[in-house]
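Take a look at the structure set out below.
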Ligand SMILES: Cc1cc2nc3c(=O)[nH]c(=O)nc-3n(C[C@H](O)[C@H](O)[C@H](O)COP(=O)(O)OP(=O)(O)OC[C@H]3O[C@@H](n4cnc5c(N)ncnc54)[C@H](O)[C@@H]3O)c2cc1C
C-alpha cells in the first residue's frame with residue numbers, strides 16, 4: 010500500500026477553522042496509484058480534503074477522508090502561451106510564486122489565496138478582479154466510484170461566481186488530479202479592482218503581487234493565528250429592482266453589475282449594516298477588520314459558529330430581504346451538510 014492511513018485522526022490541524030473533531034479513517038494520497046488502490050478496495054462516503062481552508066467540520070467525519078498530497082508541475086511552451094499542468098495537491102500560493110519566478114505572469118492577483126490547486130476549480134477561486142476560469146484550460150479528475158479518469162475543458166467545468174460543475178453534477182464524486190492553465194505570453198495586468206487601479210502604469214507582475222499581499226494582510230486574519238475560512242458568505246446576487254428599494258434607505262450599499270437584470274452586493278457590508286461587526290457567540294466572532302470573515306478565537310465550537318451564522322442570516326433577511334448563502338462548506342458524519350442540516 011502506498012498511502013498512509015490514520016484511524017481516529019484529529020481534524021483540528023487539517024481545516025483552518027480548527028475545530029477539534031476526528032476522522033474515523035483518513036488516507037493520505039501522495040500518488041495516483043494509492044488513490045486507485047483505495048477506490049478498488051471500496052470507499053465509504055469519501056470526501057477529498059485539500060488544506061481545509063473552505064470547509065468546516067461540524068462533527069466527526071465517519072466516512073473515508075482522502076487527504077490530497079499529489080505533487081508535480083509541467084510546462085509546455087507554445088508560440089503564444091505557457092500551458093502549465095499542475096498536480097492538485099500543490100499549494101496554490103506556492104504555485105503562483107513559482108510561475109512568477111519562472112517569468113510566467115498572469116496569476117498575481119490570485120496570490121495568497123490559501124488552499125490546494127485541486128480545490129481551486131471547485132469554487133472557481135477569485136480575487137481582485139480575476140478568477141481561475143480566466144486561465145483554466147482543463148481539469149482532469151478521477152471518479153471516486155468507478156476509478157475512471159476524465160478531462161473537462163474550460164466550458165465543461167461550467168464555471169460561475171464561486172461555482173463550477175464540481176459543486177453540482179459532480180459534487181463530492183471526484184478527486185481532481187490536475188489542472189492545466191493557459192497563461193498568455195503577452196501579459197496584460199488586470200487592474201480593474203478598486204484598490205489596484207492606482208497601479209495603472211505597472212509593468213511588473215511582482216508589484217501587483219506585493220500590493221495584493223499587503224491588502225490581504227490588512228483585511229484578512231492569518232489562519233495560523235486565528236482560525237477562519239476566509240469569506241464565510243457569498244456576495245448575494247439580487248435583482249436591480251430589489252437593489253433600488255434598498256438604496257432608498259441605504260444609498261451607500263456597495264454593488265457591482267452582474268448581468269442585465271441583477272447585481273452583486275457586498276455581503277460584508279450587509280453584515281456590518283446589521284450591526285454584527287465583532288458580534289461574538291461563545292468563542293466565535295465576526296472579524297473586526299472584515300465582517301465577512303468569522304473567526305475562532307480559540308476553543309470555539311461548531312454549535313456557536315452555527316448559531317452566529319443563523320443569526321446573521323435571519324437579520325440579513327429581516328433588514329434587507331436578502332438571503333446570505335455560505336461560501337464555506339460543512340462536513341460531518343458521512344456527508345456534506347447543508348446549513349439547514351447543521352442548524353436543525
Ligand atoms: C484567509 C482565507 C482567505 C481566503 N481568500 C479567498 C479568496 O480570496 N478567494 C477565494 O476564492 N477563496 C478564498 N478562500 C477560500 C479558500 O482558500 C479556497 O476555497 C481554496 O480553494 C480552498 O482550498 P483547500 O485546498 O483548502 O480546499 P478544502 O477546504 O480542503 O476543500 C474545499 C472543497 O473542495 C473539495 N476539494 C478539495 N480538493 C479537491 C480535489 N482535489 N478534488 C475534488 N474536490 C476537492 C473539498 O471536498 C471541499 O468540498 C480563503 C480562505 C481563507 C482561510
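Residue numbers (this note's numbering): 10 to 353. All C-beta atoms in this analysis are idealised placements derived from N, C-alpha and C, irrespective of residue type, glycine included.
(message) Rounding to the nearest angstrom, what Cα-Cα distance links residue 88 and residue 291 in this structure?
(response) Locating residue 88 in the chain shown gives position 79, counting from the first residue. Locating residue 291 in the chain shown gives position 282, counting from the first residue. Answer to the nearest angstrom: the Cα atoms are 57 Å apart.
(request) Could you tell me which uninterrupted beta strand (DSSP E) segments, each at least 3 residues in length, are contained entirely in the segment 207-268, listed from first to last along the chain? (result) 236-240, 246-248 and 264-266
(message) Does the beta-carbon of residue 132, which I'm using as the reference point, lie nearer than 8 Å to any heavy atom of ligand 1?
(response) As a position in the chain shown, residue 132 is number 123, starting the count at 1. Flag set: Cβ of residue 132 near ligand 1.
(request) Could you say which of 98, 129, 93 and 121 lies nearest to residue 108 if we only look at CA atoms? (result) The residue given as residue 108 occupies position 99 in the chain shown. Among 98, 129, 93 and 121, the Cα nearest to that of residue 108 belongs to 93.
(request) Go ahead and pull the three-state DSSP assignment for residue 41. (result) For the purposes of this step, residue 41 is identified with residue 32 of the chain shown, where counting begins at 1. Here residue 41 sits in helix by DSSP.
(request) Below 8 Å on the Cβ atoms is my guess for residue 163 versus residue 146; work out the distance and round it to an integer in Å. (result) Along the chain shown, one-based indexing puts residue 163 at 154. Along the chain shown, one-based indexing puts residue 146 at 137. Indeed they touch by this definition, with Cβ atoms about 6 Å apart.
(message) Between residue 294 and chain C, is the shortest Cβ-Cβ distance under 9 Å, so that the two count as touching?
(response) The question asks about chain C, but that chain is absent: this structure has only one protein chain.
(request) Can you tell me which of the three DSSP states residue 142 falls into? (result) The residue you call residue 142 lines up with position 133 of the chain shown. DSSP places residue 142 in helix when its eight states are reduced to three.
(request) Identify, in the order they occur along the chain, each residue of the same chain with its Cβ nearer than 8 Å to the Cβ of residue 211, setting aside the five sequence neighbours on each side. (result) In the chain shown, counting from the first residue as 1, residue 211 sits at position 202. Around residue 211: 198, 200 and 217.
(request) Say yes only if the C-beta of residue 285 is nearer than 8 Å to one or more non-hydrogen atoms of ligand 1, and no if none qualify. (result) The residue given as residue 285 occupies position 276 in the chain shown. It does not: the Cβ of residue 285 is nowhere closer than 8 Å to a heavy atom of ligand 1.
(message) Using CA atoms only, rank isn't needed, just tell me which of 18, 192, 327 and 323 is closest to residue 349.
(response) The residue given as residue 349 occupies position 340 in the chain shown. Checking every option, the nearest Cα to that of residue 349 belongs to 323.
(request) Just tell me which of 15, 30, 14 and 22 has its CA closest to the CA of residue 340. (result) Reading the chain shown from its first residue, position 331 is the one you call residue 340. Comparing Cα positions, the closest option is 30.
(request) Return the chain-ordered list of same chain residues with a C-beta closer than 7 Å to the C-beta of residue 307, the five sequence neighbours on each side being excluded. (result) Locating residue 307 in the chain shown gives position 298, where the first residue counts as 1. Within the same chain, residue 307 has close Cβ partners 292.
(request) Pull up the distance between the alpha-carbon of residue 10 and that of residue 230, whole angstroms please. (result) Locating residue 10 in the chain shown gives position 1, counting from the first residue. Locating residue 230 in the chain shown gives position 221, counting from the first residue. The predicted position of residue 10 is uncertain, since its pLDDT is 49 and thus under 50; a value taken from the coordinates is nonetheless stated next. Going by the C-alpha atoms only, they are around 39 Å apart.
(request) Tell me whether the beta-carbon of residue 84 lies closer than 9 Å to the beta-carbon of residue 113. (result) In the chain shown, residue 84 corresponds to position 75, counting from 1. In the chain shown, residue 113 corresponds to position 104, counting from 1. Contact flag set, yes.
(message) Could you check whether the Cβ of residue 301 sits closer than 8 Å to any heavy atom belonging to ligand 1?
(response) The count along the chain shown starts at 1 and reaches residue 301 at position 292. Answer for residue 301: no, Cβ out of range of ligand 1.
(message) Quick check on the burial criterion: 16 or more other C-beta atoms within 10 angstroms. Buried or exposed for residue 234?
(response) Here residue 234 refers to the residue found at position 225 when the chain shown is read from its first residue. Classification of residue 234: exposed, given that the 10 Å Cβ count is below 16.
(request) Please report how far the alpha carbon of residue 91 lies from the alpha carbon of residue 170, in whole angstroms. (result) For the purposes of this step, residue 91 is taken as residue 82 along the chain shown, with counting starting at 1. For the purposes of this step, residue 170 is taken as residue 161 along the chain shown, with counting starting at 1. So the alpha carbons of these two residues sit roughly 25 Å apart.
(request) For the beta strand (DSSP E) containing residue 358, list its first residue and its last residue. (result) Residue coverage of the chain in this structure runs from 10 to 353, which leaves residue 358 outside it and unanswerable.
(request) Within its chain, find whatever has a CB closer than 6 Å to the CB of residue 74; leave out the 5 residues flanking it on each side and keep chain order. (result) Numbered from 1 along the chain shown, position 65 holds the residue referred to as residue 74. Around residue 74: 32, 35, 56 and 58.
(request) Could you check if residue 24 is buried or exposed, using at least 16 other CB atoms within 10 Å of its CB as the buried criterion? (result) Within the chain shown, residue 24 is the residue found at index 15, counting from 1. Looking at its Cβ environment, which holds 16 or more other Cβ atoms inside 10 Å, residue 24 is buried.
(message) For ligand 1, I want to know if residue 181 counts as a neighbour, meaning its beta carbon is within less than 8 Å of at least one of the ligand's heavy atoms.
(response) Taking the chain shown and counting its residues from 1, the one referred to as residue 181 is at position 172. Yes, Cβ of residue 181 sits closer than 8 Å to a heavy atom of ligand 1.
(message) Taking the alpha-carbon of residue 124 as reference, which of 203, 282 and 238 has the nearest alpha-carbon?
(response) Counting from one through the chain shown, the residue named residue 124 turns up at place 115. Nearest C-alpha to residue 124: 238.
(message) Judging by CA-CA distance, which residue of 15, 68 and 51 is the nearest neighbour of residue 26?
(response) By 1-based counting over the chain shown, the position of residue 26 is 17. When each option's Cα is compared against that of residue 26, the closest is 68.
(request) Out of 128, 127 and 122, point me to the one whose CA is closest to residue 136's CA. (result) Position 127 of the chain shown, counting from 1, holds the residue named residue 136. When only C-alpha atoms are compared, the closest one is 122.
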